[in-house]
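Have a look at the structure below before the remarks.
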Amino acid sequence: MDSSSEPVTSQLLCRHITSEISENQHNFTVTYLINTCGLSPEGAILASKWVELQSSERADSVLEFLRNYGASQTQISKLIRSRPTLLSTNPEKTLLPKLEFFSSLEISNADLLKTLAFNPHLLLVSLRNRILPTYNFLRSMLSEKNVGVLFKLNSGIFLQGHCKHVVPNIGLLRESGMPQPCISFLLTRGTRVLMNKLVLNRSREVLKTWGWSEDDFLSAFRKNPWCMIISEKKLMQAMDLLVNKMGWSSGMIAKYPVALGLSLERRLIPRCSVVKVLLLKGLINENLNLGSLVKPAEKQFLEIFVNRYLGEVPELLSVYQGKVDIQDV
């Protein structure tokens, strides 16, 4: 054989052996994820793209650690399916400090594990650089108990951190005259609002064109802060529907700002269409409160405003479903 061909032959042999080893490791990882972690075959194949196990030793130690901490097999499966790289961590160095910290937030072990199963990346984010700075910021405004409440309601703030949006938004609220107790309540219960970029000043200007006073604006914000992250276009469409087409006053809408955050296509327009038909036919009082329209769940709304009047207006359900126009009833 020509000696010049030997390097090529060696390269091919090496490539084959390397490929075989890699495939065996991949098969081991998939099998481990299925048999030990409880993932489905499809889930295991997807997860294996993010972690490659050389052996079961490290992964076994992670699973044993989680079990000893009280995690159920279902919770462990959720954790590994969402963050398979957990299997390659050192549980004593990476997981234990975070679990000990979160356990200090005046929440039960069951609530902690439930939150972590929902948001497993909390076990991988830096405790020193992200979690503790955010915690210290929250404690400057909230009690330890309310930080625990916030953690259960929206643990995502410990991932995103407080600097990008939360701090600037709180500054904006203070400039707008919102009292500190209201800001603290919003931080605890409506954290997601503050984690988005507020369009507070733009919303204020849009709503003032519809006759809202500064008191209307602040009152509406306290009741439903979500209405202040709605786009200008959505605000204009909702106000046009409620004021111009339905005849409610701006003051009425300020009392029920939740209406501004409802989906136009799925909720607001169908309900307004039904109520408009009933008003035109004189079947309901023209002084109907806006809250009566926006507060009921769908089943309750259908019972109160649709099913009850099908005898007088057989097409009412079709109006609600968008199959029949108001003028055709």
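Taking numbering that gives the first Met the number 0, the leading residue of the sequence shown gets 0, the next gets one more, and so forth. Yeah, the Cβ is synthetic: ideal placement off N, Cα and C, and Gly gets one too. Note that the coordinates shown come from a computational prediction; the quantities given were computed from them, not determined experimentally.
- Query: Are there three or more Cβ pairs, one per stretch, closer than 8 Å when the segment 207-222 is compared with the segment 248-261?
  - Reply: yes
- Query: Taking the alpha-carbon positions, what's the Met245 to His164 distance?
  - Reply: 36 Å
- Message: Check this for me: beta carbons of Leu315 and Tyr308, under 7 Å apart or not?
- Response: yes
- Are the segment 82-101 and the segment 136-145 in contact at 8 Å, needing three or more beta carbon pairs? no
- Would you call Ser230 buried or exposed, if buried means 16 or more other Cβ atoms sit within 10 Å of its Cβ? exposed
- Task: Answer yes or no: do Ser272 and Ile325 have a C-beta to C-beta separation smaller than 7 Å?
- Result: yes
- In or out: Asn108 buried (at least 16 other Cβ within 10 Å) or exposed? exposed
- Message: For Leu197 and Asn168, which I take to be in contact (beta-carbon distance under 8 Å), what is that distance rounded to the nearest angstrom?
- Response: 5 Å
- Message: Which same chain residues end up closer than 7 Å to Val323 when comparing Cβ atoms and leaving out the 5 residues on each side of it in sequence?
- Response: Glu314 and Ser317
- Extent of the continuous alpha helix (DSSP H) run through Ser248: Segment: none, Ser248 is in no alpha helix (DSSP H) and carries neither H nor E.
- Query: Taking just the CA atoms, how far does Gln236 sit from Leu116?
  - Reply: For clarity, residue 116 is Ala in the given sequence; the question names Leu instead. The alpha-carbon atoms of Ala116 and Gln236 are separated by roughly 39 Å.
- Whose CA, out of Ile106, Arg82 and Ser291, lies closest to the CA of Met251? Ser291
- Given a cut-off of 7 Å, decide if Leu104 and Gly155 are closer than it, judged by their beta-carbon atoms. no
- Tell me, to the nearest whole angstrom, how far the beta carbon of Leu332 is from that of Val50; I am working on the premise that it is less than 8 Å. Outside the displayed span of the chain (0 to 328) sits residue 332, for which this structure offers no information.
- Task: Please name the residue, chosen from Asp239, Glu56 and Leu112, that lies closest to Leu206 on a Cα-to-Cα basis.
- Result: Asp239
- Cβ separation of Gly28 and Leu52, assumed to be a contact under 8 Å, to the nearest whole Å: Reading the sequence as shown, one finds Thr at residue 28 and not Gly. About 5 Å separates the two Cβ atoms, so the contact holds.
- Query: The alpha helix (DSSP H) with Arg270 in it runs from where to where?
  - Reply: Ile268 to Leu279
- Query: Excluding sequence positions up to five away, which residues of its chain have a Cβ less than 7 Å from the Cβ of Thr114?
  - Reply: Phe150, Lys151 and Ser154
- Could you spell out where the alpha helix (DSSP H) holding Tyr134 opens and where it closes? Leu131 to Arg138
- Task: Check the C-beta distance from Thr133 over to Gly170 and give it rounded, since I have them as a contact under 8 Å.
- Result: The Cβ separation is near 17 Å, so there is no contact.
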